[in-house]
Amino acid sequence: MNCGVKLGNISLKSPLLPASGTFASGKEYSEFVDLNSLGAVVTKGVSAQPWSGNPMPRIAETASGMLNAIGLQNAGVEHFIQEDLPFLKQMKAKIIVNICGKTIEDYLQVVERLSSESVDFLEINISCPNIKEGGIAFGQNAQNIFEITSLIKKKAKQPIMIKLSPNVTDIKEMAKAAQEGGADAISLINTLTGTKIDIHQRKFVLANQTGGLSGPAIKPIALNMVYQAAQAVSIPLIGMGGIQSGEDAIEFLMAGATAVAVGTSLFRYPGIFQEILLAIQDYMRRYKVKNIKDIIGIL
Ligand SMILES: Cc1cc2nc3c(=O)[nH]c(=O)nc-3n(C[C@H](O)[C@H](O)[C@H](O)COP(=O)(O)O)c2cc1C
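Here is the structure:
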């Protein structure tokens with residue numbers, strides 16, 4: 010039984026990845042998860058300079074999900090290269106670095122700084138607000154997606170994956186813009202904007218007022234968006250949003266994802282990767298699927 014997949018020229022021994030921002034730099038989870046069993050480790054967002062994140066409270070529970078407004082807190086690319094990357098390099102899993110920025114120049118600076126490092130893929134988080142465009146996220150407009158993708162592609166030494174925001178009218182247009190800009194892969198979905206109100210204190214629960222909704226609550230939306238994107242582009246997709254079982258993961262693969270990422274469900278149970286992989290293998294045995302590629306995009 011073969012569960013290996015390929016993202017362009019990069020081979021992953023498993024289609025399971027952690028979703029960016031829910032696995033820290035990977036090191037913190039290594040006590041609970043065998044990193045060598047993952048297809049790749051996906052880091053949390055790395056920016057050119059350190060970011061302190063949003064004021065607290067920045068997490069709230071919701072029905073079947075959670076809201077977060079962490080604000081992409083991270084120690085910056087230099088710290089990542091000095092402190093986190095050496096550990097990840099010892100692992101067998103591929104390394105995907107998630108990149109965030111407030112301006113295009115910010116993104117390009119991180120891409121350039123990582124160009125000589127042994128990193129396998131760059132995942133570009135375009136859900137960040139573009140401060141030069143009044144705070145509208147880079148990923149909310151197809152023209153902006155095309156431009157940022159083309160600029161990053163020109164500079165990047167590693168293949169690039171554009172991470173799409175679901176907070177858009179037509180995900181197909183956004184996926185096409187990323188492909189036309191030269192993306193090697195697309196990951197989707199990032200979180201959906203939401204809020205929660207404390208009726209006793211008569212105020213928003215999150216200090217930031219709004220946050221990103223993730224977890225099982227968003228799975229049907231994510232699955233539909235992955236299917237839509239798979240109809241619109243030919244580059245590989247990494248699907249995510251609410252995955253918590255082997256069945257969920259298989260649904261995403263059938264909808265057209267080459268690999269899948271698990272985020273929020275990891276907080277509930279860090280052993281979930283093993284559980285999902287076993288469930289996928291059970292399914293393959295039951296339906297006599299020899300190679301996982303035979304179920305990818307079958308719908
Ligand atoms: C606490 C938290 C932090 C996140 N940080 C990032 C991030 O740094 N970069 C990014 O592209 N996505 C980030 N995300 C989005 C996830 O990678 C993922 O796209 C989303 O949560 C949907 O998957 P899930 O429902 O399995 O969590 C974050 C999500 C959560 C819950």
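Going by our numbering, 280 is the number at position 271 of the sequence shown; the sequence numbering is gapless.
Just so you know, even glycine gets a beta-carbon here, dropped at the ideal spot from N, CA and C.
Problem set entry | Chain-order list of residues whose beta-carbon lies under 6 Å from that of Ala226 (same chain, five-residue window excluded) | As a working mapping, residue 226 is identified with position 217 in the sequence shown. Within the same chain, Ala226 has close Cβ partners Ser73 and Gly74.
For this session: With DSSP collapsed to three states, give me the class of Met293.
Result: Taking the first residue of the sequence shown as position 1, residue 293 is located at position 284. Met293 falls in the helix class under three-state DSSP.
For this session: Tell me, please, whether the stretch 147-159 touches the stretch 182-189 by the rule of three or more beta-carbon pairs shorter than 8 Å.
Result: Contact between the stretch 147-159 and the stretch 182-189 is present, because at least three Cβ pairs lie under 8 Å.
Exercise. Between the stretch 198-216 and the stretch 254-265, do three or more beta carbon pairs fall short of 8 Å?
Worked result: Contact fails: fewer than three Cβ-Cβ distances are below 8 Å.
Exercise. Within this structure, are the beta carbons of Leu241 and Ala184 separated by less than 8 Å?
Worked result: The residue labelled residue 241 in the question sits at position 232 within the sequence shown. The residue labelled residue 184 in the question sits at position 175 within the sequence shown. Note on residue identity: the sequence assigns Ala, not Leu, to residue 241. Result yes, Cβ atoms of Ala241 and Ala184 sit closer than 8 Å.
For this session: Could you tell me the boundaries of the alpha helix (DSSP H) in which Ser274 lies?
Result: Locating residue 274 in the sequence shown gives position 265, counting from the first residue. Taken as a continuous stretch (DSSP letters only), the alpha helix (DSSP H) holding Ser274 covers Thr273 to Arg277.
Exercise. Just to check, is the beta-carbon of Leu232 closer than 7 Å to a non-hydrogen atom of ligand 1?
Worked result: If you number the sequence shown from 1, residue 232 lands on position 223. No, since every heavy atom of ligand 1 falls outside the 7 Å radius drawn around the Cβ of Leu232.
Exercise. Can you tell me the Cα-Cα spacing of Ile104 and Asp179, whole angstroms?
Worked result: By one-based count along the sequence shown, residue 104 stands at place 95. By one-based count along the sequence shown, residue 179 stands at place 170. Ile104 and Asp179: Cα-Cα distance of roughly 30 Å.
Problem set entry | Leu97, DSSP secondary structure in three states | Here residue 97 refers to the residue found at position 88 of the sequence shown. DSSP places Leu97 in helix when its eight states are reduced to three.
Problem set entry | Proximity test, Asn134 beta-carbon vs ligand 1 heavy atom, cut-off 7 Å | For the purposes of this step, residue 134 is taken as the residue at position 125 of the sequence shown. The answer is yes for Asn134.
Exercise. Across which residues does DSSP place Ile145 in a beta bridge pair?
Worked result: Here residue 145 corresponds to residue number 136 of the sequence shown, with the count starting at 1. DSSP output for Ile145 lists no bridge partner at all.
For this session: Count the other C-beta atoms from every protein chain shown that fall within 10 angstroms of the C-beta of Tyr296, then say buried if there are 16 or more, exposed otherwise.
Result: Position 287 of the sequence shown, counted from the start, is the residue given in the question as residue 296. So Tyr296 ends up on the exposed side.
Exercise. For the putative contact between Val235 and Leu197, defined by C-beta atoms under 8 Å, what is the C-beta separation to the nearest angstrom?
Worked result: Along the sequence shown, read from residue 1 onward, the residue named residue 235 stands at position 226. Along the sequence shown, read from residue 1 onward, the residue named residue 197 stands at position 188. With 8 Å as the limit, Val235 and Leu197 qualify as a contact, their Cβ atoms being about 6 Å apart.
Exercise. Any contact of the stretch 86-100 with the stretch 146-155, i.e. 3+ C-beta pairs under 8 Å?
Worked result: no
Exercise. Can you check whether the CB of Ile108 is closer than 8 Å to the CB of Met170?
Worked result: Numbered from 1 along the sequence shown, position 161 holds the residue referred to as residue 170. Numbered from 1 along the sequence shown, position 99 holds the residue referred to as residue 108. No, these two residues do not count as a Cβ contact at 8 Å.
For this session: Specify whether the stretch 33-41 and the stretch 129-138 touch according to this definition: at least 3 beta carbon pairs, one from each stretch, less than 8 Å apart.
Result: no
For this session: Could you please give me the residues that DSSP links to Asp207 through a beta bridge?
Result: Residue mapping note: residue 207 aligns to position 198 of the sequence shown, counting from 1. Paired residue(s): Lys212.
For this session: Consult DSSP for Ala268 and reduce its assignment to one of helix, strand or coil.
Result: The count along the sequence shown starts at 1 and reaches residue 268 at position 259. Three-state DSSP puts Ala268 in a strand.
Problem set entry | Residues of its chain near Gln2, where Cβ-Cβ distance is below 7 Å and the 5 sequence neighbours each way are ignored | Residue coverage of the chain in this structure runs from 10 to 308, which leaves residue 2 outside it and unanswerable.
For this session: Apply the 10 Å Cβ neighbour rule to Tyr278 and answer buried if 16 or more other Cβ atoms are within range, or exposed otherwise.
Result: The residue you call residue 278 lines up with position 269 of the sequence shown. Exposed.
For this session: Would you mind giving the Cβ-Cβ distance between Ser29 and Leu286, rounded to the nearest angstrom? I have them listed as a contact below 8 Å.
Result: In the sequence shown, counting from the first residue as 1, residue 29 sits at position 20. In the sequence shown, counting from the first residue as 1, residue 286 sits at position 277. The pair is not a contact, with the Cβ atoms about 20 Å apart (cut-off 8 Å).
Exercise. Can Gly17 be considered in contact with ligand 1, in the sense that its beta carbon sits closer than 7 Å to one or more heavy atoms?
Worked result: As a working note, residue 17 is residue 8 in the sequence shown. Not so, every heavy atom of ligand 1 lies at least 7 Å from the Cβ.
For this session: Quickly, what does DSSP pair Gln172 with across the bridge? List them, please.
Result: Position 163 of the sequence shown holds residue 172. The sequence shown places Lys at residue 172, not Gln. Per DSSP, Asn134 and Ser196.
Exercise. So which of Ile304, Glu284 and Gly85 has the shortest CA-CA distance to Met293?
Worked result: Counting from 1 along the sequence shown, the entry for residue 293 is found at position 284. Selected option, being the one with the closest Cα: Ile304.
For this session: Ignore the nearest five residues each way along the sequence and tell me which others in Arg67's own chain have a CB closer than 8 Å to its CB.
Result: As a working note, residue 67 is residue 58 in the sequence shown. Contacts found: Asn77, Ala78, Ile79, Gly80, Leu215, Ala216, Asn217 and Gly220.
For this session: With hydrogens ignored, establish whether the beta-carbon of Ser61 is closer than 7 Å to any heavy atom of ligand 3.
Result: As for ligand 3, it is missing from this structure, which binds only ligand 1.
For this session: Go through its chain and collect everything with a Cβ distance to Leu44's Cβ below 7 Å, but skip five positions before and after it.
Result: If you number the sequence shown from 1, residue 44 lands on position 35. So the list reads Gly35, Val50, Met100 and Ala102, once near-sequence residues are dropped.
Problem set entry | C-alpha gap between Phe213 and Val42, whole angstroms | If you number the sequence shown from 1, residue 213 lands on position 204. If you number the sequence shown from 1, residue 42 lands on position 33. The alpha-carbon atoms of Phe213 and Val42 are separated by roughly 35 Å.
For this session: Report the three-state DSSP secondary structure of Val227 (helix, strand or coil).
Result: Position 218 of the sequence shown, counted from the first residue, corresponds to residue 227. It is worth fixing the name first, because residue 227 is Ile in this sequence and not Val. If DSSP states are grouped into helix, strand and coil, Ile227 belongs with the helices.
For this session: Counting only the same chain and skipping the five closest in sequence on each side, list residues whose C-beta sits under 7 Å from that of Gly17.
Result: Here residue 17 is taken as the residue at index 8 of the sequence shown, counted from 1. The residues are Pro168, Asp193, Ala194 and Pro245.
For this session: Give the DSSP bridge partners of Thr202, in chain order.
Result: Reading the sequence shown from its first residue, position 193 is the one you call residue 202. Answer is Gly221, bridged to Thr202.
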